[in-house]
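Just below is one structure, and these are the notes that go with it.
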Amino acid sequence: LASRQESTTDHMDSMLLLETLQEELKLFNETAKKQMEELQALKVKLEMKEERVRFLEQQTLCNNQVNDLTTALKEMEQLLEM
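Note that the numbering used here has the sequence shown beginning at 265, numbered continuously upward.
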């Protein structure tokens, strides 16, 4: 009888441990899923910021070219006025 009670107690302990483990695993999976979603959102933000930096660099290059061409045009106009 004592052996049977011990076996039942062991089985109940095992079941409790299994339930606890399943709950912890479920929580871990939910947390991991949320973190992956956050990571994806951060990647999108980073890509947008990188794209903005590239755009601003291109804009600066274009502005510099416009300024250079404007200067060259003014110099040509001055030469033509002579």
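Even for Gly, the Cβ is constructed at its ideal location relative to N, Cα and C.
| Alpha carbon to alpha carbon, what distance is there between E314 and E345? | For this step, residue 345 is matched to residue 81 along the sequence shown. For this step, residue 314 is matched to residue 50 along the sequence shown. Those two C-alpha atoms are separated by around 46 Å.
| query | Under the three-state reduction of DSSP, which class applies to M276: helix, strand or coil? | reply | Within the sequence shown, residue 276 is the residue found at index 12, counting from 1. Reduced to three states, the DSSP call for M276 is helix.
| request: Would you identify the three-state DSSP class for M346, choosing helix, strand or coil? | output: The sequence position of residue 346 within the sequence shown is 82, counting from 1. M346: coil per DSSP, three-state reduction.
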